[in-house]
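To start, the structure itself, in structure tokens.
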Amino acid sequence: MSDEGSAGSGLLRRLGGPARSVWAKYDRDSDGWLPLWRHMEDAAAVAGLLWDRWLPAGVRALVAEVLPQGDADARALAVWLAGVHDIGKATPAFACQVDQLADVMRQHGLEMRSAKAMGPDRRIAPHGLAGQVLLGEWLEERHGWAPVRTGQFTVAVGGHHGVPPEHAQIIALYEHEELLRTPGASGRVWRQVQTELLDACTDRFGVTQRLAGWRTVKLPQPVQVLLTALVIVSDWIASNPDLFPYFPDGASCSDQERLAAAWQGLDLPEPWRAEETAQSAQELFASRFELPAQARIRPVQEAAVELAREMEAPGLMIVEAPMGEGKTEAALAVAEIFAARSGAGGVFFALPTMATGNAMFPRLLDWLERLPGVAGARRSVHLAHSKAALNEDFAGLMARAGRVVAVGLDEAAPAPRHQRNDEKDRAAAELVAHAWLRGHKKAMLASFVAGTIDQLLFTGLKSRHLALRHLAVAGKVVVIDEAHAYDTYMSVYLDRVLSWLGAYRVPVVVLSATLPASRRRELVEAYSGRADAEPYTAAPDAYPLLTAVAPGGTALCRRPQASARSTAVCLERLDDGLDVLADRLESELADGGCALVIRNTVRRVLETAHALRERFGADNVTVAHSCFVDLDRADKDNSLLRLFGPPEKPGHRPAGRHIVVASQVAEQSLDVDFDLLVSDLCPVDLLLQRMGRLHRHQRGPGQGQRPVRLRAARCLVTGADWTADVPAPVRGSVAVYGQYTLLRSAAVLLPHLDGASGRPVRLPEDISPLVQSAYGETPVGPEHWQDALKKAREQFERHRDDQAARAAVFRLGDVGKPGRPLFGWVAAGVGDTDDTPAGRAQVRDSRDSLEVVVVQRRGDGSLVTLPWLKPDSKNRQRAGLALPQDATPTRFAARTAASCALRLPMQFSGETMDQAIQELEQLYMPTWQGKDSPWLSDQLILALDEDCQTRLAGFSLQYSPDDGLKVTQHAD
């Protein structure tokens, strides 16, 4: 087995026979292998190209500023660390694993025991940790480094498989030196080879003269993380045999030929390079967004652009403004300015749910089509959540991405190997869902990403390959939408994430209808790293409000005017009862009109819809909640937008009376407009969100196109016993929101809750005062409420403290002092994590729940897709497609079935979940498993009968496209 490669290799010329014999890669199927020197050369070369062509300028600058010679030092360090990352493979503990390759090394004097003889002790010396120790020893012995200075550099080697070593592991390895070098005469040969390889890399990669200057450097922990992540990415790419062929086939190419072919095959899109624009805010918005002719941007949007330009450095900007003020467009405009000023190479838009992520994705694509530096260039785009592949916009990008070789071990399926037919197969706008960036550990590395907030919170969760998640966000502007929607548990993670983002100098834009002052202060302090960062504001309930702070700085405030649009909403108490509600709606809708009824639980949605259909007819009542299969849920959203969307968009608003009964899904992201709102009592900020669906748009002068009695905006608040001494919210609402929050909300609404005699809620003027009062410390409500409020507060504080304590268990530590190595950075973590139900449960305070794929079983026992599904965007039929049980379903049928996933409600958690899983696993099709059926593999299948019913774990389940899933206890 020849150990020779191209005579032109810079490393090979510097090495003797024993060092050349050390192996790094082996493929048991092909018997191909790769010598260590070749992999070192490949990894270093990849790191250099990643540094030059792929890393955003802001990431490079963060590393460069802490080194004596700036960017030159930073590039050299990154290349060198990538080159030496596998030096731990030049040890007996690693080399013994392949007998024939170990025998070649033995012939060169590198004696070692067999893997069997070495036994479980080998686990003490994983090659990453071994490499970290060897590199540290070499720096101390050959270059005079103090031991306290080596770890901050060598941890990139020790952590290149995703987990930086812990102190106990390092100590254990020092006690087993025989795993690093075989005792006896051969030990000298091992040491000579290790030293020779490190000397050769140091000379080859041009850092011999730089090591003395780096001895006194204290690398900040964020820089250590970025270098580790770059080494990981370089290693993954250089380890792919499709890109870097193994020997003997790959031995004939020169270094240059080998690298050029690999880089061309990888074909990574370069990062966005934003440029500062001299356009006015009005011109900027007109060129980036589809503004109607003569439209003026809103004051909040103009103020956000001006503040982004005025800040001493890009940082955190919190935008609090009413619904409908164009906060999303303001965030994208600010992101462009921040990116130009900071060197960010992309944008991550974080949203509360998959549904809001899906809704945002086409808006992001539209913006990118008009964005300088993106339009006409190749840029990587990703939709980051677990069902992204089912999104037709994203699937279209994936389908046209051309030939990309899969890299790494975490891909769901290999990329297509067909050759690209030159450039004409590429997307016109060159927005590519790059195949290599689709693996769950790498997806966030794409330049432009829309996804769930979980993807951002994962960067604060101690988990494997966390460095990659940090690299992904470190090169972007981060936008966090609906910031008011996150509870204490999620906020614990968000605050820690913000502290790291501030350390990376990542620009962040936070959007919210409004935030409690205390929460705003926490966000500013977390990002800035200063307890005194919050500015003085004359009016604590100022609104709209922009708050901005640079990393390490003090905050600035701007108080733009709200737009001229203002709505007065009359609030009225409504007794809780289905007959009471039906009677009132019959009166209110006597002349027609569209009413929205929002309930706090799916059970109340279904009960209400059933009662209202009996009174108003099934055609006049629509249901929307979270317990629909994915395709039906998307169809519901589209239907609501078509029927109740903005007046300027073509639609078919019902001419007569119509009622939508919805859960909290109606609170966010849907641009729908109703004549009348009925809402269960809920936290006041969410009630204000719900009011944003009431008279959202102008329908004629003075709302003259609405029914006469509905031209004044009114909200009826129900879901509580208003006749009690202290209002008593219904049990379901208390379970969702807690008694204390509901009572404080009721208390601050009291002055508005008396109908004609009360003062209307003025939007947007009253938004901030109501929220600050509800979430503040000042007592609210009548005197006779105070005992109940005190008791509820005690329970609330216990729950909040419990949430914070549980969240802290796996939360990442704070940013350590410069120079402190990342040893133990993710110790006692959760292992791998991703956007699965189990992964999301780690950053959300939710019980585990089951997701199933819903199909139908016909009378003859055959399985088919659900019978009412509409054709897809290409007009292909999706209803009733055969799903054979003895063969693999067609790809289209399998994808259609997977698009009918449904999360079962909380009745199926805990012990009931185990029983449900056991019953669902009875329907197990071996032909639906594995790589031939990626859509259905490992999925739990819920088969409904021809009446769309079934039984599961003691419950009766009934499903319809109109009402979704209904769950009742077995009668027996």
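Mapped onto our numbering, the consecutive letters of the sequence shown carry residue numbers 623 to 1594.
Glycine residues also receive a C-beta, built at the ideal position from the N, C-alpha and C atoms.
In this text, all values refer to a predicted model and were calculated from it rather than measured experimentally.
By how many angstroms is the C-alpha of residue 1316 removed from the C-alpha of residue 1297?
-> Here residue 1297 refers to the residue found at position 675 of the sequence shown. Here residue 1316 refers to the residue found at position 694 of the sequence shown. The alpha-carbon separation between residue 1297 and residue 1316 amounts to approximately 6 Å.
Could you spell out where the beta strand (DSSP E) holding residue 933 opens and where it closes?
-> What you label residue 933 is simply residue 311 of the sequence shown in a count that begins at 1. Careful: residue 933 lies outside any beta strand (DSSP E) and carries neither H nor E.
Leaving out the 5 sequence neighbours to the left and right, which residues in its chain are closer than 8 Å to residue 637 when beta-carbon positions are compared?
-> Position 15 of the sequence shown holds residue 637. So the list reads 659, 818, 819 and 822, once near-sequence residues are dropped.
Measure the C-alpha to C-alpha separation of residue 723 and residue 1528 and round it to an integer number of angstroms.
-> By 1-based counting over the sequence shown, the position of residue 723 is 101. By 1-based counting over the sequence shown, the position of residue 1528 is 906. In a straight line, the C-alpha of residue 723 is about 55 Å away from that of residue 1528.
Nearest-angstrom Cα distance between residue 1517 and residue 977?
-> Residue mapping note: residue 1517 aligns to position 895 of the sequence shown, counting from 1. Residue mapping note: residue 977 aligns to position 355 of the sequence shown, counting from 1. Near 18 Å, if we compare the C-alpha coordinates of residue 977 and residue 1517.
For residue 711, the three-state DSSP class (helix, strand or coil) = Position 89 of the sequence shown, counted from the start, is the residue given in the question as residue 711. Helix.
What is the rounded straight-line gap between the Cα of residue 803 and the Cα of residue 682?
-> Residue mapping note: residue 803 aligns to position 181 of the sequence shown, counting from 1. Residue mapping note: residue 682 aligns to position 60 of the sequence shown, counting from 1. If you take the alpha carbons of residue 803 and residue 682, they lie about 37 Å apart.
Three-state secondary structure (DSSP) at residue 1004?
-> Here residue 1004 refers to the residue found at position 382 when the sequence shown is read from its first residue. Note: residue 1004 maps to strand in three-state DSSP.
Between the segment 1508 to 1516 and the segment 1560 to 1577, do at least 3 Cβ pairs fall closer than 8 Å?
-> They do not touch, by the three-pair rule.
For residue 793, is the classification buried or exposed, using 16 other Cβ atoms within 10 angstroms of its Cβ as the cut-off for buried?
-> Locating residue 793 in the sequence shown gives position 171, where the first residue counts as 1. Classification for residue 793: exposed.
Under 7 Å between the Cβ atoms of residue 670 and residue 709?
-> For the purposes of this step, residue 670 is taken as the residue at position 48 of the sequence shown. For the purposes of this step, residue 709 is taken as the residue at position 87 of the sequence shown. Taking 7 Å as the Cβ cut-off, residue 670 and residue 709 do not qualify as a contacting pair.
Out of 1267, 1269 and 1218, state which residue places its alpha-carbon closest to the alpha-carbon of residue 1246.
-> Within the sequence shown, numbered from 1, the residue matching residue 1246 stands at position 624. It is 1218 whose Cα lies nearest to the Cα of residue 1246.
Just the C-alpha distance for residue 834 and residue 695, rounded to the nearest angstrom, thanks.
-> Within the sequence shown, the letter at position 212 stands for residue 834. Within the sequence shown, the letter at position 73 stands for residue 695. In a straight line, the C-alpha of residue 834 is about 12 Å away from that of residue 695.
Does any C-beta atom of chain B lie closer than 7 Å to the C-beta of residue 1521?
-> The chain inventory of the structure shown lacks chain B, comprising one protein chain alone.
Three-way DSSP call (helix, strand, coil) for residue 1432 in this model | Translated into the one-based positions of the sequence shown, residue 1432 becomes position 810. Residue 1432 falls in the coil class under three-state DSSP.
8 Å contact criterion, which residue 1362 and residue 1418 should meet: CB distance rounded | The residue labelled residue 1362 in the question sits at position 740 within the sequence shown. The residue labelled residue 1418 in the question sits at position 796 within the sequence shown. Indeed they touch by this definition, with Cβ atoms about 4 Å apart.
Under a three-way DSSP split, which group does residue 746 fall into?
-> Along the sequence shown, one-based indexing puts residue 746 at 124. In this structure, DSSP gives residue 746 a helical state, which the three-state scheme calls helix.
What three-state label does DSSP hand residue 1115 in the structure shown?
-> The residue labelled residue 1115 in the question sits at position 493 within the sequence shown. Secondary structure at residue 1115: helix, using DSSP grouped into helix, strand and coil.
Below 6 Å CB to CB, which residues in the same chain sit around residue 1045 once its five sequence neighbours on both sides are set aside?
-> Stepping through the sequence shown from its first residue, residue 1045 is reached at position 423. Because the pLDDT of residue 1045 is 32, which lies under 50, any placement of that residue in the model is unreliable, and the number read from its coordinates should be weighed accordingly. Excluding positions up to five away in sequence, the list is empty.
Contained beta strand (DSSP E) runs [length at least 3] in the segment 921 to 977, N- to C-terminal order = Runs found: 938 to 942 and 969 to 973.
Nearest-angstrom Cβ-Cβ length linking residue 811 and residue 702, presumed shorter than 8 Å = Position 189 of the sequence shown, counted from the start, is the residue given in the question as residue 811. Position 80 of the sequence shown, counted from the start, is the residue given in the question as residue 702. Residue 811 to residue 702, Cβ: 25 Å. No contact.
If you draw a straight line from the C-alpha of residue 836 to the C-alpha of residue 1252, how long is it?
-> Position 214 of the sequence shown, counted from the first residue, corresponds to residue 836. Position 630 of the sequence shown, counted from the first residue, corresponds to residue 1252. Cα to Cα, residue 836 sits roughly 54 Å from residue 1252.
Report the residue from 923, 962 and 1563 whose alpha carbon sits nearest the alpha carbon of residue 1551.
-> The residue you call residue 1551 lines up with position 929 of the sequence shown. Nearest neighbour of residue 1551 by Cα position, chosen from 923, 962 and 1563, turns out to be 1563.
Cutoff 8 Å; reference residue 1122; Cβ partners in own chain excluding five residues on either side = Counting from 1 along the sequence shown, the entry for residue 1122 is found at position 500. Hits under 8 Å: 844, 1081, 1082, 1092, 1434 and 1437.
Inter-stretch contact at 8 Å, needing at least 3 Cβ pairs: the segment 1177 to 1184 / the segment 1358 to 1375 | In the pairwise beta carbon analysis, the segment 1177 to 1184 is classified as not touching the segment 1358 to 1375: fewer than three pairs are separated by under 8 Å.
Among 1229, 789, 1184 and 1592, which has the Cα closest to the Cα of residue 1203?
-> As a position in the sequence shown, residue 1203 is number 581, starting the count at 1. Relative to residue 1203, the option among 1229, 789, 1184 and 1592 whose CA is nearest is 1229.
Quick one: residues in its chain with C-beta nearer than 6 Å to the C-beta of residue 1542, no 5 flanking neighbours on either side, listed in chain order?
-> One-based indexing of the sequence shown puts residue 1542 at position 920. Excluding sequence neighbours, residue 1542 sits near 1562.
For residue 1308 versus residue 942, is the C-beta distance shorter than 7 Å?
-> Residue 1308 sits at position 686 when you count from the first residue of the sequence shown. Residue 942 sits at position 320 when you count from the first residue of the sequence shown. No, the Cβ-Cβ distance between residue 1308 and residue 942 is not below 7 Å.
Do the segment 1181 to 1190 and the segment 912 to 929 touch if we need at least three Cβ pairs shorter than 8 Å?
-> In this structure the segment 1181 to 1190 lies against the segment 912 to 929, because at least three pairs of beta carbons, one per stretch, are closer than 8 Å.
Is residue 911 closer than 7 Å to residue 1099 when the C-beta atoms are compared?
-> Here residue 1099 is taken as the residue at index 477 of the sequence shown, counted from 1. Here residue 911 is taken as the residue at index 289 of the sequence shown, counted from 1. Annotated as distal: residue 1099 and residue 911, with beta-carbon spacing of 7 Å or more.
Could you tell me which residues DSSP pairs with residue 1153 in its beta bridges?
-> Position 531 of the sequence shown, counted from the start, is the residue given in the question as residue 1153. In the DSSP assignment, residue 1153 forms no beta bridge with any residue.
Give, in chain order, every unbroken run of the alpha helix (DSSP H) that is at least 4 residues long and sits entirely within the segment 849 to 923.
-> Taking 4 residues as the shortest admissible run, the segment 849 to 923 contains the following complete alpha helix (DSSP H) segments, listed from N- to C-terminal end: 877 to 888 and 903 to 910.
N-terminal and C-terminal residue of the beta strand (DSSP E) that residue 1569 is part of = By 1-based counting over the sequence shown, the position of residue 1569 is 947. Here residue 1569 belongs to no beta strand (DSSP E), and DSSP marks it neither H nor E.
Residue 705 to residue 1130 span [Cα, whole Å] = Taking the first residue of the sequence shown as 1, we reach residue 705 at position 83. Taking the first residue of the sequence shown as 1, we reach residue 1130 at position 508. Between residue 705 and residue 1130, the C-alpha separation is close to 34 Å.
For residue 1581, the three-state DSSP class (helix, strand or coil) = Position 959 of the sequence shown, counted from the first residue, corresponds to residue 1581. Here residue 1581 sits in strand by DSSP.
Buried versus exposed call for residue 1087 [16 or more other C-beta atoms within 10 Å across all chains shown] = What you label residue 1087 is simply residue 465 of the sequence shown in a count that begins at 1. Buried, because 16 or more other Cβ atoms sit within 10 Å of the Cβ of residue 1087.
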